[in-house]
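According to this note's numbering, numbering within the sequence shown proceeds without interruption in unit steps and concludes at 148.
What follows is a short report on a single structure.
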Amino acid sequence: NNAGMSAGEPNRHATWSSIERTSNQWHAEIYRTPAKSRKLVWKSLVSACVVSDVDVEPLTSSDSLIADGKAMHNCVSTYDTTCMSGHYRIFSLKAKTGERTTLGLARGSDGWNVDQHVSAANGPIGSSVSAVGEEIACR
Numbered sequence: 010n011n012a013g014m015s016a017g018e019p020n021r022h023a024t025w026s027s028i029e030r031t032s033n034q035w036h037a038e039i040y041r042t043p044a045k046s047r048k049l050v051w052k053s054l055v056s057a058c059v060v061s062d063v064d065v066e067p068l069t070s071s072d073s074l075i076a077d078g079k080a081m082h083n084c085v086s087t088y089d090t091t092c093m094s095g096h097y098r099i100f101s102l103k104a105k106t107g108e109r110t111t112l113g114l115a116r117g118s119d120g121w122n123v124d125q126h127v128s129a130a131n132g133p134i135g136s137s138v139s140a141v142g143e144e145i146a147c148r
């Protein structure tokens with residue numbers, strides 16, 4: 010989403026404090042309407058399962074995306090219409106080690122591919138959880 014860029018953000022004179030404030034305002038806004046009011050529900054091609062000691066939970070509704078987005082401090086709630094259209098799928102992964110990630114799969118001409126796989130606040134993930142994401146994409 011390039012909403013900030015099209016609005017001229019961040020300003021080249023912005024401080025870290027103002028960038029953080031703008032980010033917090035943006036994140037607060039995405040948890041409001043319209044996703045919260047849509048209440049979309051779709052089916053996952055992969056059921057909840059455990060892969061290499063990692064719990065894999067498909068996120069199959071606007072509400073589940075909102076909850077995961079809040080917990081993980083990311084924007085997955087904005088993907089509900091794309092998920093509903095069948096072009097995108099999102100999963101919550103929880104490793105026995107405590108690592109928690111959000112996996113986004115995009116449908117391409119060659120099948121499902123990992124589009125993004127991130128920890129909280131879009132941070133990096135461990136290699137073992139990364140391998141699980143690749144395996145889910147191949148299912």
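C-beta atoms are modelled at their ideal positions from N, C-alpha and C, and glycine is treated no differently.
Predicted, not measured: the structure shown is a model, and the values here were computed from it.
Close-in-space but distant-in-sequence residues of the same chain around residue i (CB under 6 Å, 5 per side omitted)
i: tryptophan 51; result: Thr69, Cys92 and Met93
i: asparagine 10; result: Unreliable placement is indicated for asparagine 10, whose pLDDT of 48 sits below 50; the coordinate value is still reported in the next sentence. Cβ within range, chain order: n/a, list empty.
Top-ranked residue by Cα proximity to residue i, from the options
i: proline 133; options: Asn83, Asn122, Asp72 and Arg98; result: Asn83
i: aspartate 89; options: Ala80, Trp121 and Asp72; result: Asp72
i: aspartate 124; options: Glu29, Val85 and Ser27; result: Val85
i: arginine 148; options: Asn122, Thr87, Ala130 and Leu74; result: Asn122
i: threonine 87; options: Arg47, Ser53 and Ala104; result: Arg47
i: asparagine 131; options: Asp77, Glu38, Leu49 and Thr31; result: Asp77
i: alanine 104; options: Gly120, Val59 and Asp119; result: Val59
Within-9 Å CB hit, residue i to chain C
i: serine 53; result: Any reference to chain C falls outside this structure, which holds one protein chain only.
Residue i and residue j closer than 9 Å at C-beta
i: threonine 110; j: valine 127; result: yes
i: valine 63; j: alanine 57; result: no
i: phenylalanine 100; j: isoleucine 28; result: no
Cβ-Cβ separation, residue j to residue i (assumed contact under 8 Å), whole Å
i: glycine 142; j: glutamate 108; result: Not really, about 12 Å apart at Cβ, beyond 8 Å.
i: serine 137; j: serine 53; result: Rounded, the Cβ-Cβ distance is 22 Å, inconsistent with contact.
i: methionine 81; j: alanine 140; result: In fact, because the Cβ distance is near 20 Å, the residues do not count as touching under 8 Å.
Cut-off 8 Å between Cβ atoms - residues of its own chain near residue i, not counting five sequence neighbours on either side
i: histidine 22; result: none
i: valine 55; result: Val65, Pro67, Arg98, Phe100, Ile145 and Arg148
Three or more C-beta pairs under 8 Å: does that hold for the stretch 115-123 against the stretch 94-102? yes
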